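With mature numbering (1 follows the signal peptide of the UniProt record, and there is no 0) applied, the sequence shown covers -27 to -1, 1 to 295. First the structure, in the form of structure tokens, and then the observations on it.
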Amino acid sequence: MQGIRSLSILGAGLMAGALVLAGPAQAEYPESDREVRHIMPWGAGGGTDTVMRGFVEYMQKHLGTSIYTDNVTGGVGSVGWMTLKGAPSDGYTIGTLTYDILTVEYQNMAPVSWEDFEIIGMVTEHASALVVRAEDFDNLDEFIAAAEAEPGSVTVSNASTGGVWHQHAVAMEQEIGIELNHVPYESAAPQVTSLLGGETMAAVISLPPVMEYVRSGEMRVLAVMGDERVEMAPDVPTFVELGHDVVYGSFRLLAAPPGTPVEIVEVLEQAMYDTFQDPEFLAWAEEAGIGERWLDREASIAYMAAIAPVIGQLMADLGLTD
């Protein structure tokens, strides 16, 4: 099955054209004594929560007022996104959008679309990966052999039925020609816990939530779903290198509620840009391996407009559309 190669290719092209922004457009925003609420549609301690909570902590210095993260979870992210959609458009509420905003839209899980929001900019883009307990499998061939020996016996976790990692796990399963037992969780954090405890045998997940355990020797990354090897795990092969056309990834954006004035969005966009120039943030991002990728508002909108139909087709091919 054709992978989402356009994620990394498109992102790189758009990144080259991303603009350095002008100075703040609206002097009265933000008021230094008013906090900005950051709606996080995924559970505390998971990969997206960890990365985006960390990002806004650095961003608040450049915005000029504090930003706090509010976890509003459920419904494959839809509860948080509906909350963001209905929030005041005064610049004091922002939220994280991830790949699953498209899952929710194409499955008609809630009346919400990425196009409802005022996109501010991109923070990360990264490949998905197949991760196991180190004691269970040494390489992808062993994993495949176990699945072939007893179809349905190998348990693979994801972060919600029909969500991004479930989609990528099913695509992997179909491309390789094996049968897996898919186990859904609410977010990456319980995925990691279940894998460490032996409740599941593998996880399709992004790398940041598991790298601590990969470095400690408790987990092993069998392969990544990128076009090429990833910087945070350069010794791990891609599925393509191993003979399997499995190329999938995800992204994280910041967005504001519908109708947020462009002058306010530009201030937020400038704060994001300034964060990406901050040596302290860049050092943290490299250490955490978050897969940072800055795209400004215009480039992020173009990215989403291009990738949305690709993901819609993937979901249709997998039988995951409503």
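Don't be surprised by glycine CBs; every beta carbon is placed ideally from N, CA and C. No experiment lies behind these values; they were computed from the predicted model shown.
Using only the alpha-carbon positions, how far apart do residue 148 and residue 20 sit? 26 Å
Sequence-distant residues of its chain with Cβ nearer than 6 Å to residue 18 (five each side left out): 162
Which residue's Cα is closest to the Cα of residue 113: 204, 137, 233 and 217? 217
Please report the distance separating the alpha-carbon of residue 62 from that of residue 10. 12 Å
Rounded to a whole number of angstroms, what is the C-alpha to C-alpha distance between residue 273 and residue 81? 23 Å
Using a Cβ-Cβ cut-off of 8 Å (strictly less than) and excluding sequence neighbours within five positions of residue 3, which residues of its own chain qualify? 9, 36, 37, 38, 64, 65 and 240
Tell me, which residues are paired with residue 248 by DSSP? The partner list for residue 248 (beta bridge, DSSP) is empty, contrary to what the question assumes.
Give me the Cα-Cα distance between residue 177 and residue 102, rounded to the nearest whole angstrom. 6 Å
Which listed residue (83, 186, 249 and 220) has its alpha carbon closest to that of residue 202: 220
Neighbour flag for residue 47 against chain C, beta carbons, 8 Å: Among the chains of the structure shown, chain C does not appear; only one protein chain is present.
Assess, as a yes-or-no matter, whether the region 222 to 232 is touched by the region 86 to 106 under the definition of 3 or more beta carbon pairs within less than 8 Å. yes
Given residue 232, which residues of its chain have a CB within under 7 Å of its CB, disregarding the five upstream and five downstream residues? 62
Reduced DSSP secondary structure (H/G/I, E/B, other) of residue 223: strand
For residue 146 versus residue 238, is the C-beta distance shorter than 8 Å? no
Three-state class that DSSP yields for residue 163 in the structure shown: helix
Beta carbon of residue 95 nearer than 8 Å to that of residue 268: yes
Look up residue 57 in the DSSP assignment and say whether it is helix, strand or coil. helix
Does DSSP put residue 125 in a helix, in a strand, or in coil? coil
Which same chain residues end up closer than 8 Å to residue 154 when comparing Cβ atoms and leaving out the 5 residues on each side of it in sequence? 125, 126, 127, 128 and 129
Rounded to the nearest angstrom, what separates residue 210 and residue 174 at their Cα positions? 20 Å
Under DSSP, the beta strand (DSSP E) around residue 43 begins and ends at which residues? 40 to 44
According to DSSP, which residues form a beta bridge with residue 297? Residue numbering for the chain in the displayed model covers -27 to 295; residue 297 lies beyond these limits and cannot be assessed.
Between the Cα of residue 167 and the Cα atoms of 51, 106, 247 and 249, which residue gives the shortest distance? 106
Supposed close pair residue 261, residue 27 - CB separation, criterion 8 Å: 7 Å
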